[in-house]
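A.B. asks: Just so you know, the protein sequences line up as chains B and U, in that order. Using the numbering used here, read the first sequence as starting at 8 and increasing by one per residue. Using the numbering used here, read the second sequence as starting at -12 and increasing by one per residue. The beta-carbon is built from N, C-alpha and C at its ideal position, and this holds for glycine as well.
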Amino acid sequence: MKQTTINYSNIYYPPGGILMWIIISLELITFGMAIIAMVYCGKQEPDLFHQSRMLLNPVYGILNTILLLTSGFCMAISVHYLKINIPQKSKILLLVTMLFGILFLLIKTFEYNEKINLGLDINHNLFFTFYWLLTLFHVIHVIVGLVILGSVYFGLRKEKTNIEDVEASASFWHMCDLIWLFIFPIIYLFF
Amino acid sequence: MKKSITITYVFLILLTVISGIISGAINKNISFIILLLSALKFIGVSFYFMDLKKAHTFWQSIIIGYAIALVIIVLMI
């Protein structure tokens, strides 16, 4: 594998690359604006938002947060092993990262199925419109992240991927954590 | 480095569990505490998992500024 030394303290070379950080910044701004819109609407109709929030099970949210954080932890350790040139452990941890990501999606699927069976779909009320839009957009990011990690895994197996590619992919994956860390309290705990 | 990532992970899990437990409490400051814990987790992930602690101050400021701004705006609404 090609090894390069990157000076992260240079403004143009943040860990993961400047292009990835531009994407991360834009994504954070987009989700941040949606969260602010949700809170604003929630303040207009506090009873509706509180009653709707009580229909959600925060255990799903907490469990999903733990799964995403564990996944992010495995990813960070995977990058660490790659940097100290232990690719075997790095590849195993990359697979564990993806496993936790898949578990997140499975729990989300179970939760969505429960909500649909209860008739709490996107048209139910304004709270659930935000619930579905925010969480589904986040799920799309997780799916894209899993595809990227899968591609990196096969690249590592064929020794065609370098550390910069892995770091950029890891940054995208951690971005899913970052977005979720604000979606979770606002949707499941705030109102 | 591995040790700092592991310590961060333990703290993140603890903060998540604390958020879940205190969310049921009836207190006028509970929203602020929940958001504060989320902001701490946000900074923990970006600085230790994403290795932002080694990055230029500009990127660190963006992340810290974003977390603070979001918490303040949400609390002000």
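#1: Counting only C-beta atoms, is methionine 63 of chain U closer than 7 Å to chain B at any point?
#2: Quick one: which chain U residues come within Cβ less than 9 Å of phenylalanine 111 of chain B?
#3: Can you grab the Cα-Cα spacing for the pair histidine 181 of chain B / phenylalanine 134 of chain B, in whole Å?
#4: Would you verify that the beta carbon of aspartate 184 of chain B is, or is not, closer than 7 Å to some beta carbon of chain U?
#5: Helix, strand or coil: how does DSSP classify leucine 63 of chain B here?
#6: So, is threonine 104 of chain B buried or exposed, given that buried needs 16 or more other C-beta atoms within 10 angstroms?
#7: In chain B, what lies closer than 8 Å to isoleucine 20 of chain U by C-beta?
#8: When the cut-off is 7 Å and only beta carbons count, does valine 58 of chain U lie next to chain B?
#9: Let's see if you can read the secondary structure: which residues bound the alpha helix (DSSP H) around glutamate 118 of chain B?
#10: Once the 5 residues before and after histidine 57 of chain B are set aside, which same chain residues still bring their CB inside 8 Å of it?
#11: Pairs of beta-carbons, one from the region 74 to 82 of chain B and one from the region 31 to 46 of chain U, closer than 8 Å: are there three or more?
#12: Histidine 57 of chain B by DSSP, collapsed to three states: which one?
#13: Applying the criterion that 16 or more other CB atoms from any shown protein chain within 10 Å of the CB defines a buried residue, is aspartate 184 of chain B buried or exposed?
#14: Along the chain, where does the alpha helix (DSSP H) containing lysine -10 of chain U start, and where does it finish?
#15: Would you mind telling me which residues of chain U sit closer than 8 Å to phenylalanine 117 of chain B, beta carbon to beta carbon, in chain order?
#16: Looking at the secondary structure, which residues open and close the alpha helix (DSSP H) in which aspartate 172 of chain B lies?
#17: Decide if threonine 116 of chain B is buried, meaning its Cβ has at least 16 other Cβ atoms within 10 Å, or exposed.
#18: Need the endpoints of the alpha helix (DSSP H) that phenylalanine 161 of chain B sits in, please.
#19: For leucine 62 of chain U, which residues in the same chain have their Cβ closer than 8 Å to its Cβ, ignoring the five residues on either side in sequence?
#20: With DSSP collapsed to three states, give me the class of glutamate 52 of chain B.
#21: Show which residues of chain U have a CB atom less than 8 Å away from the CB atom of glycine 23 of chain B.
#22: Closer than 7 Å, Cβ to Cβ, to anything on chain U: give me those residues from the region 171 to 198 of chain B, in chain order.
#23: Where does alanine 42 of chain U sit, in a helix, a strand or coil, going by DSSP?
C.D. replies: Let's see:
#1: no
#2: None at all; the shortest Cβ gap to chain U is about 14 Å.
#3: 27 Å
#4: yes
#5: coil
#6: buried
#7: The contacting residues do not exist; isoleucine 20 of chain U stays about 10 Å from chain B at best.
#8: no
#9: 94 to 124
#10: Phe198
#11: yes
#12: helix
#13: buried
#14: -11 to 9
#15: Ordered by position in chain U, no residue passes the 8 Å Cβ test against phenylalanine 117 of chain B, which lies about 18 Å from the chain.
#16: 170 to 191
#17: exposed
#18: 133 to 164
#19: Ser18, Phe19 and Leu22
#20: coil
#21: Met37
#22: Ser178, His181, Asp184, Leu185, Leu188, Phe189, Pro192, Leu196 and Phe197
#23: coil
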